[in-house]
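Trainee: So the sequences go chain by chain: R and L.
If you're matching positions, the first sequence starts at 42 in my numbering and goes up one per residue.
If you're matching positions, the second sequence starts at 387 in my numbering and goes up one per residue.
Okay, here's the structure, questions in a sec.
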Amino acid sequence: MLCFVVALAASGQEKKRKPSAYNQQKQNKEDEKFLEKQWWLGFKAGPNLSKAHVVKTYSIIAPTNYEASTIGKKYDNFNLVGAQATIEVSFYFKRFLFSFQPTYQNSRFAYSNSFVWSSESDLTNRVELNFEQEQKLDHAILPLIIKYDIYGNRLRPYVQLGAYSAILINATKSVTSSGIDNAAGGENVFQNEPIIVGAKDLFAKSYWGLLGGLGVNYNLGNNVRLNLDIMYKYGMSNISSTENRYGSDRLSGVGDAMDDLTLDNLSVSIGCLFPMRFLSSGFKSLDH
Amino acid sequence: MLKRINTILSIVFVFSLMLSCSEESNPEFDIQTFTTIFDNNKFDASFFPIEMRQTADGGYIVLGGRKLDDSNFTGIYLLKADKFGNFVKEIEVEETSVNPVAKLTEYQTKYYFFCMDPLTQQAQIANVDANLEAVTITPVQGGLTYPAAASFVDNSFILLGYNNGDKQTVISIVNPDGGILSSKGYSIGTGEDIEEPIIKHYIRTGRQYPFEVGKVSSNLYFFNGFFNYTFSLVFTDMTSDDPVGVVQGQQADGGFSALTPLGGNKFASSRFNFGENFLIPNKELSTSGITSTVDLGGYSLPELVPNANVRILRAKIDTENVLIYGSDTKSKQIGLLFYEEATGTFISSRYLGFSNPFEIASLTQTSDEGLAVCGTTYVAGRFPRICIFKLSKEQLASNLNK
């Protein structure tokens, strides 16, 4: 909606423009020179998917007579949809854009593990417990990005590379336990109410990573560019708090401790950009 | 333009600063703070800790009990964890020795505890190395039976036992080889009824009584056990036929639930009385004559389960001498209560465990000035398993409001 309003305003301003015929050739040269540099301001938003890389695994439960791998966490990658909203400030210079894109990012990832206790002498004595753990993280992402316009026309595809820092805003964890209890005289399939806890202390206050991606800008012809942006953020540092790993008694009680993790994130955003420098009071700015 | 360059440089600077603040893996944190639950996937298995000690390598050795299929007594279970709380090794000691009792005592690189022969009920002294390579068990000489508690003073063990033939509580000095240096028995009274809670204690079908034994001064010993029809704190010189002093409980329904000498006649203690619990952080007890626990007062703690297990640890936190009481709460957590040792003034509290039930077994101050708490948790709400909470020095200091 913001993009639409901005586009209308820019379009309205553009209609007032009165092109001059005076010294057209000289003017074109000045225009071209002017157009070599530009500041862009924009907004974009969209969904994202996350993937956790385990750097070091941790567990409250220490098996004494069975392999730890049998109760290991299984991460469910690129499965839970998060969202992000970005304000983009970019400086264009000869096909390169130097971009700062502060982003509010909500990302989600989950893992599960299961435990079985059984009797060798009585096979009906068997209990199975399954835990589903979902993490919801809100970060302020501060990326610095260099984009390169592959070719420039009305449709401008680009590639991008950069690095980012993420500051934790909020985090929650929910743990849902379910299972099958065969020891009560029959098959008792149960699911407990989820434990939902604020988990900000369990995560690192900040982390950083590298990013890359591609996208395309489409010039609407009224100074406004529509933008489709696909970005992959590759986490480089731990997102878990090493100091507060066991800080939540509610989670420790059910055997959960956060692994050391890095977080990857694949995002798709749609938005618009509009220029901050104009050729004239008529808001002429760029090729169209 | 200059302003814009400054802005960009500022962003780059802040960005660089944030990168430098990223979270790094730190093994020190993993040592200072952890929670571990040692799980066995056998449905019928049952393990509970009795006492835990930190070993020289920073790890932990746990003396515990386990359910036996073919005996009414408790089997012996030993567990070694490393300094991170990771499981290293366990030993399920053969059923020819049962009923392990605290305290687990380090002496000349070995860890000693007492247990008994399930057929003869004769006391045995056992030792194990810090890596649980081998357990050595030797019968205690002199026909001592039913060990109930032990402590270690002046390179000898003080052992509390029960003689069901003579219906006596027996206090003995035992050397590390199992030889008896001295021994004295005191009648619990006559009749079948008085013996019933003691036998139920041993086969764990009844209340687990907080038997204790120790030494107050050069010729004054104490035990917390049955004497003259009552669960009492008895002071003895181990030569006289009659005790020097007795602090009586209320038959089997009242008495001390934990006791730690603070020097002189002062004790940090707790008492139970028909289900109620009272903490008495610093109180001078009469070591002569007959007095009663009921007259000692104390802080009433309705949050604790009836007749709660209580453990008392003398700890030093940031140069301050502190008493840490650990007990079981009605909310199925382990409650830690901090008191100033010198004055008995309450400082603060901390609660451990959630979701599944947790019960206290042992408190240990660690070499990094943190605290290790060993207890029982019921995994999946039903399977008794051993757990360790490790708190850092900083976490303890926060309990002093520093």
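Every residue, glycine too, gets a C-beta built ideally from N, C-alpha and C.
Computed from a predicted structure; not experimentally measured.
Distance cutoff 7 angstroms, beta carbons only. Does L/E578 sit that close to anything in chain R?
Mentor: Working through the second sequence from its first residue, we reach residue 578 of chain L at position 192. Chain R, which has no Cβ nearer than 7 angstroms to the Cβ of L/E578, makes this no.
Trainee: Taking all protein chains shown into account, decide if L/M438 is buried (16 or more other Cβ within 10 angstroms of its Cβ) or exposed.
Mentor: As a working note, residue 438 of chain L is residue 52 in the second sequence. Buried.
Trainee: Can you tell me where the alpha helix (DSSP H) with L/Y588 in it begins and where it stops?
Mentor: Translated into positions along the second sequence, residue 588 of chain L becomes position 202. First-last of the alpha helix (DSSP H) with L/Y588: E578 to Y588.
Trainee: Interface residues of chain R around L/S411 at Cβ under 8 angstroms?
Mentor: Within the second sequence, the letter at position 25 stands for residue 411 of chain L. Ordered by position in chain R, the residues that pass the 8 angstroms Cβ test against L/S411 are V96, K97, N279, T283 and D301.
Trainee: Applying the criterion that 16 or more other CB atoms from any shown protein chain within 10 Å of the CB defines a buried residue, is R/N106 buried or exposed?
Mentor: Translated into the one-based positions of the first sequence, residue 106 of chain R becomes position 65. Classification for R/N106: exposed.
Trainee: Taking the C-alpha atoms as reference points, what is the distance between L/E755 and R/I186?
Mentor: As a working mapping, residue 755 of chain L is identified with position 369 in the second sequence. As a working mapping, residue 186 of chain R is identified with position 145 in the first sequence. Using only the alpha carbons, I get a separation of about 47 angstroms.
Trainee: Does any residue of chain L have a CB that is nearer than 7 angstroms to the CB of R/D290?
Mentor: Taking the first sequence and counting its residues from 1, the one referred to as residue 290 of chain R is at position 249. Chain L contact via Cβ: present.
Trainee: Tell whether a beta-carbon distance below 7 angstroms holds between R/S155 and R/R167.
Mentor: Your numbering for residue 155 of chain R matches position 114 in the first sequence. Your numbering for residue 167 of chain R matches position 126 in the first sequence. In this structure, R/R167 does not lie closer than 7 angstroms to R/S155 by Cβ.
Trainee: Shorter than 7 angstroms from the beta carbon of L/F459 to some beta carbon of chain R?
Mentor: Residue 459 of chain L sits at position 73 when you count from the first residue of the second sequence. Judged by the 7 angstroms Cβ criterion, L/F459 is not in contact with chain R.
Trainee: Specify the secondary structure class of L/E481 as computed by DSSP and reduced to three states.
Mentor: Stepping through the second sequence from its first residue, residue 481 of chain L is reached at position 95. Coil at L/E481, not helix or strand.
Trainee: Please classify R/A93: does DSSP put it in a helix, a strand, or coil?
Mentor: For the purposes of this step, residue 93 of chain R is identified with residue 52 of the first sequence, where counting begins at 1. Strand.
Trainee: Using a C-beta cutoff of 7 angstroms, does R/V168 count as contacting chain L?
Mentor: Taking the first residue of the first sequence as position 1, residue 168 of chain R is located at position 127. By this cut-off, R/V168 is an interface position.
Trainee: Against chain L, which members of the region 155-185 of chain R pass a CB distance test of less than 9 angstroms?
Mentor: Under the 9 angstroms Cβ criterion, the region 155-185 of chain R contributes F156, V157, W158, S159, S160, E161, S162, D163, N166, R167, V168, L170, L183, P184 and L185.
Trainee: If we define contact as Cβ-Cβ less than 7 angstroms, is L/L750 a contact residue for chain R?
Mentor: Against the second sequence, residue 750 of chain L aligns to sequence position 364. According to the sequence shown, residue 750 of chain L is Thr rather than Leu. L/T750 does not count as touching chain R.
Trainee: For L/V556, list the residues DSSP reports as bridge partners.
Mentor: For the purposes of this step, residue 556 of chain L is taken as residue 170 along the second sequence, with counting starting at 1. Paired residues: L/G547 and L/G571.
Trainee: Under 7 angstroms between the Cβ atoms of L/F642 and R/D290?
Mentor: As a position in the second sequence, residue 642 of chain L is number 256, starting the count at 1. As a position in the first sequence, residue 290 of chain R is number 249, starting the count at 1. No, the Cβ-Cβ distance between L/F642 and R/D290 is not below 7 angstroms.
Trainee: Would you verify that the beta carbon of L/A512 is, or is not, closer than 7 angstroms to some beta carbon of chain R?
Mentor: Indexing the second sequence from 1 puts residue 512 of chain L at position 126. So no, L/A512 is outside the interface.
Trainee: Shortest alpha-carbon distance to R/E77 belongs to which of R/L302, R/T213, R/L269 and R/R136?
Mentor: Walking along the first sequence from the start, residue 77 of chain R turns up at place 36. Among R/L302, R/T213, R/L269 and R/R136, the Cα nearest to that of R/E77 is on R/R136.
Trainee: With a cut-off of 7 angstroms, does the C-beta of R/M42 fall near any C-beta of chain L?
Mentor: Start at 1 with the first residue of the first sequence, and residue 42 of chain R comes out as number 1. Reliability fails at R/M42, whose pLDDT of 43 lies under 50, so the model's placement of it is uncertain and the value that follows must be treated cautiously. False, the Cβ-Cβ gap to chain L never drops below 7 angstroms.
Trainee: Per DSSP, which residues does L/P562 bridge with? Please list them.
Mentor: In the second sequence, counting from the first residue as 1, residue 562 of chain L sits at position 176. The partner list for L/P562 (beta bridge, DSSP) is empty, contrary to what the question assumes.
Trainee: Is the beta carbon of L/K475 closer than 7 angstroms to that of L/K466?
Mentor: Position 80 of the second sequence, counting from 1, holds the residue named residue 466 of chain L. Position 89 of the second sequence, counting from 1, holds the residue named residue 475 of chain L. Cβ atoms of L/K466 and L/K475: closer than 7 angstroms.
Trainee: Inspect the beta-carbon positions of L/P435 and L/I462 and report whether they are closer than 7 angstroms.
Mentor: Numbered from its first residue, the second sequence carries residue 435 of chain L at position 49. Numbered from its first residue, the second sequence carries residue 462 of chain L at position 76. Cβ atoms of L/P435 and L/I462: not closer than 7 angstroms.
Trainee: For L/G564, which residues in the same chain have their Cβ closer than 7 angstroms to its Cβ, ignoring the five residues on either side in sequence?
Mentor: Numbered from its first residue, the second sequence carries residue 564 of chain L at position 178. Excluding positions up to five away in sequence, the list reads I511, T524, P525, V526 and Q527.
Trainee: Just verifying my parser: in three-state terms, what is the DSSP assignment at R/S293?
Mentor: By one-based count along the first sequence, residue 293 of chain R stands at place 252. Note: R/S293 maps to helix in three-state DSSP.
Trainee: Residues bridged to L/R439 by DSSP?
Mentor: Locating residue 439 of chain L in the second sequence gives position 53, where the first residue counts as 1. According to DSSP, which records beta bridges pairwise, L/R439 is partnered with L/I447.
Trainee: Measure from the alpha carbon of R/P104 to the alpha carbon of each residue in R/G296, R/Y287 and R/Q174, then state which is nearest.
Mentor: Translated into positions along the first sequence, residue 104 of chain R becomes position 63. If we check each option's Cα against that of R/P104, R/G296 comes out closest.
Trainee: Please report the straight-line C-alpha distance between L/K496 and R/E234, rounded to a whole angstrom.
Mentor: Numbered from 1 along the second sequence, position 110 holds the residue referred to as residue 496 of chain L. Numbered from 1 along the first sequence, position 193 holds the residue referred to as residue 234 of chain R. Distance between the alpha carbons of L/K496 and R/E234: 47 angstroms.
Trainee: Starting from L/F538, trace the beta strand (DSSP E) both ways and give me its first and last residue.
Mentor: Within the second sequence, residue 538 of chain L is the residue found at index 152, counting from 1. Where L/F538 is concerned, the enclosing beta strand (DSSP E) stretches over P533 to V539.
Trainee: Within 8 angstroms, do at least three Cβ pairs link the region 565-579 of chain L to the region 512-522 of chain L?
Mentor: These segments do not touch.
Trainee: L/G631 and L/S672: beta carbons closer than 7 angstroms?
Mentor: What you label residue 631 of chain L is simply residue 245 of the second sequence in a count that begins at 1. What you label residue 672 of chain L is simply residue 286 of the second sequence in a count that begins at 1. Cβ distance < 7 angstroms, so L/G631 and L/S672 count as in contact.
Trainee: Any idea which residues DSSP pairs R/Y259 with across the strands?
Mentor: Along the first sequence, read from residue 1 onward, the residue named residue 259 of chain R stands at position 218. Bridge partners of R/Y259: R/L196 and R/L267.
Trainee: Grouping DSSP H, G and I as helix and E and B as strand, with all else coil, what is L/V680?
Mentor: Here residue 680 of chain L corresponds to residue number 294 of the second sequence, with the count starting at 1. Helix at L/V680.
Trainee: So, does the CB of R/A93 fall closer than 7 angstroms to a CB anywhere in chain L?
Mentor: In the first sequence, the residue the question calls residue 93 of chain R occupies position 52. Not an interface residue.
Trainee: Based on DSSP bridge pairs, tell me the residues matched to R/I377.
Mentor: Past the edges of chain R, shown from 42 to 329, lies residue 377 of chain R, and the structure says nothing about it.
Trainee: Using the beta-carbon count (16 or more within 10 Å), is R/I191 buried or exposed?
Mentor: One-based indexing of the first sequence puts residue 191 of chain R at position 150. The residue in question, R/I191, is exposed, as its Cβ has fewer than 16 Cβ neighbours within 10 Å.
Trainee: On the criterion of 16 or more Cβ atoms from any shown chain inside 10 Å, does L/T731 qualify as buried, or is it exposed?
Mentor: Numbered from 1 along the second sequence, position 345 holds the residue referred to as residue 731 of chain L. With fewer than 16 Cβ atoms within 10 Å of its Cβ, L/T731 is classed as exposed.
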